[in-house]
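**Q** Here the protein sequences come in this chain order: A and B. Under my numbering, the first residue of the first sequence is numbered -3, with each subsequent residue one higher. Under my numbering, the first residue of the second sequence is numbered -3, with each subsequent residue one higher.
2 protein chains.
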Amino acid sequence: MTDEFECDRLDRRRRAITDAARALFIEQGFERTTLGQIVERAGGSLATIYKLFGNKEGLLDAVVFEKAASGENLIREIAQCGASPADTLRRLAAVLYERFLDPDDVALVRIVIARSIDDADFARRFFESTAMHTRRALERTFAQWEAQGVRLRGSPDMLAEVFLGLMVSDMQTDAISHGVVARPSAERIAARIEFFLRGAGLA
Amino acid sequence: MTDEFECDRLDRRRRAITDAARALFIEQGFERTTLGQIVERAGGSLATIYKLFGNKEGLLDAVVFEKAASGENLIREIAQCGASPADTLRRLAAVLYERFLDPDDVALVRIVIARSIDDADFARRFFESTAMHTRRALERTFAQWEAQGVRLRGSPDMLAEVFLGLMVSDMQTDAISHGVVARPSAERIAARIEFFLRGAGLA
DNA sequence: ACAATCGTGTAATGGATATTACACCTTCGC
DNA sequence: GCGAAGGTGTAATATCCATTACACGATTGT
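1. So, at 7 Å on beta carbons, what are the nonlocal neighbours of I71/B in its own chain, with the 5 sequence-adjacent residues on each side left out?
2. With distance defined between alpha-carbon atoms, name the residue in D100/B, A75/B and R194/B nearest to I22/B.
3. Helix, strand or coil for A89/A, going by three-state DSSP, please let me know.
4. Buried or exposed: where does R111/A fall if 16 or more other Cβ atoms within 10 Å of its Cβ makes it buried?
5. How would you list, in chain order, the residues of chain B whose beta-carbon sits under 7 Å from the beta-carbon of H174/A?
6. Hey, does R194/A have any beta-carbon neighbour from chain B nearer than 8 Å?
7. Restricting to runs no shorter than 4 residues, where is the alpha helix (DSSP H) found entirely within the segment 137 to 189 of chain A?
8. Counting only beta-carbon separations shorter than 8 Å, does L162/A have a partner in chain B?
9. Quick one: what's got a C-beta closer than 7 Å to V164/A's C-beta in the same chain, skipping five residues either side?
10. Buried or exposed, going by whether 16 or more other CB atoms sit within 10 Å of the CB of A173/A?
11. Would you kindly work out how many angstroms separate the C-alpha atoms of E150/A and F159/A, rounded to a whole number?
12. Could you check whether R86/A and I13/A sit closer than 8 Å to each other, using their CB atoms as the reference points?
13. Work out the CA separation of A19/B and A186/B for me, nearest whole Å.
14. Alpha carbon to alpha carbon, how far is A199/B from A43/B? Give it in angstroms, no decimals.
15. Which bits of chain B does R136/A rub up against, with CB to CB less than 8 Å?
16. Using 8 Å as the threshold, is the segment 44 to 59 of chain A in touch with the segment 71 to 83 of chain A, meaning 3 or more CB pairs across them?
17. Using beta-carbon positions only, say whether G195/A and G197/B come within less than 8 Å of one another.
18. Taking only beta-carbon atoms, is I109/A less than 8 Å away from chain B?
19. Report yes or no: is there a C-beta of chain B within less than 8 Å of the C-beta of G150/A?
20. So F123/B contacts chain A; which residues on that side make the cut at Cβ distance below 7 Å?
21. Thinking C-beta only, is A171/B closer than 8 Å to I74/A?
22. Quick one: grab the DSSP three-state call for K63/A.
23. What are the residues of the segment 27 to 49 of chain B that lie near chain A, defined by any Cβ-Cβ distance shorter than 9 Å?
24. Quick one: list the residues of chain B neighbouring A187/A, beta-carbon separation under 8 Å, in chain order.
25. Are any of the Cβ atoms in chain A nearer than 8 Å to that of V146/B?
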C-alpha cells in the first residue's frame, strides 16, 4: 500500500536527510558537522547522500535554498490589504522582525557568510534569492504609493534600503555578537517604525 | 648597533607574522590559511609561531584585536568640535562609512562571524571591543545634546542604535552578499543622513 | 672569541573526515 | 515466489594540516 505521502521513497529519504542536515548545521555549523552524524540521525547511508546530493556542498545548497522563500510574497500580501502606508509599514515591520530574528534563520545566515569565504558565488545566489527580492518588492510598493499621490521624502529605493536596514541590522548584529545584545522589545521596535515614518514624511 | 626600531627582535618577528597572517586571512579566510603559508610569507618558522601565539587561534586573536581600535575616540573627537548636532552627525557619518566599508574590515568581520560558529565567546569579545564601544559613545553624545537643551525625537539609545544601523547595514549587506550590491554613492549616503535628521527631529 | 640562549628548518606524529568501493539485503513488479 | 534494481552498512582510501620533536646555526652579552 503506497501512502500518498510516500509515493516516492527517495523523496522521503531526501527529506529525512535534509531535515537532519539542517538541524545539525544549525546546531554545529557546516564544517563541524560530519556526513557520518547526518547519516546517524537520518538513517540511510553515505552512499545515498552522494547519490542524491553529489557531495557535502550539494547538501548545504539543498538545505539553504529549500527554505529561502523570499519575503516577496509577504510584502505583496500585506501591501495589498489597502491599509494606509503608515499602517502597512507598521504591520510589515512586525512580520519582518519576527522572521529576521528567528534564531534558526540567524544561524543559517552565519553559515552562509562563513561558506561565502570559500565560495563567493554561493553567498551571491543566497542574497539574490532572499534579500534582493524583498528589497525590490518593497521598492515597488513605495513607488506605487507615490504614483497614487502619497508624498514621500526620499526615493523609493533609498527608502526601501533604509527600512530594511532598520529591520535587518538587528539580525546582523545578532549574527555577529552571538547574543550579546538583547533583542529589541516591542516598544523599541515601535519607536523605530515611528522614526522611519517621520523620516519618510509619512507622520 | 641596535636600531631603535629593532630594539627587540621578537617584536619584529611578531609583527612580520601578524602582518602575513592578516593578509592571508583576508585573502583566503582562517580555515583555508595554513600555518605553513604564513611561515612561507613571513619567514621564521612554525616553532616561533607557537612560542609567540600558542596556537593558530591565538594568532587569529592577535590579528583581529590588534586593529580593533574602536570608533570610540573618533566619535568623541568629532563630537567635541562644537559644530551643530546636524553637522556633527553628517561628518560622523562620512567617517564611519569610510571605515565600515573598507573591504579588509569587511573580510575580517566575515572571519569573525565564521569563527563564532565554533567559538561564540570570540564573537562576543569582538563585538564588545568594537561596535559596543561605538554605540555607547554615540549614545552619550546624544544624551549630552539633550542635556544642553537640544530637542530629540526618541531616546538616546534608540537613536544611537538606528544611526549605527543605517551606517552598518551596508557593511553587513556586503559581508553577506559578497559585492552583489554596489556600495552607496555619496549622494545616497547624504540622503540617508538627512533622513535620519528628520526622524530624530533635528531638521 | 666563547658559550649559552634562542630562533630556524625539517621532518615526524596523529587525528579527523570527505569520498569511494564493495558485498549484502530489501523492495517491488511480474 | 522470483529476479532485478537499487538502498544499506562497513570498511578502505587518501589527503590535509595542526601540533610537536629535534638537531643545527645564528646572535648576543661578556
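Glycine included, C-beta positions come from ideal geometry on N, C-alpha and C.
**A** This is what the structure gives:
1. Same-chain partners within the cutoff: L88, T130, A133, L134 and T137.
2. D100/B
3. helix
4. buried
5. Within chain B, the C-beta atoms nearer than 7 Å to that of H174/A come from S112, A116, A119 and R120, in chain order.
6. yes
7. 152 to 173
8. yes
9. F96
10. Note that residue 173/A corresponds to Ser in the displayed sequence, not to Ala. Counting Cβ neighbours within 10 Å, S173/A comes out buried, since at least 16 surround it.
11. In the sequence under discussion, the amino acid at residue 150/A is Gly, which differs from the Glu named in the question. Distance between G150/A and F159/A, taken at the CA atoms: about 12 Å.
12. no
13. 32 Å
14. 60 Å
15. Within chain B, no residue comes near R136/A; the closest Cβ sits about 17 Å away, beyond 8 Å.
16. Not touching, per the Cβ criterion.
17. no
18. With 8 Å as the cut-off, I109/A counts as an interface residue toward chain B.
19. Taking Cβ atoms only, chain B reaches closer than 8 Å to G150/A, which makes this a yes.
20. Taking a Cβ-Cβ threshold of 7 Å, the residues of chain A close to F123/B are I172, S173 and V176, in chain order.
21. At a Cβ-Cβ threshold of 8 Å, I74/A and A171/B do not count as neighbours.
22. For K63/A, the secondary structure class from DSSP, reduced to helix, strand or coil, is coil.
23. E27 and R28
24. G150, S151 and M154
25. Closer than 8 Å: no.
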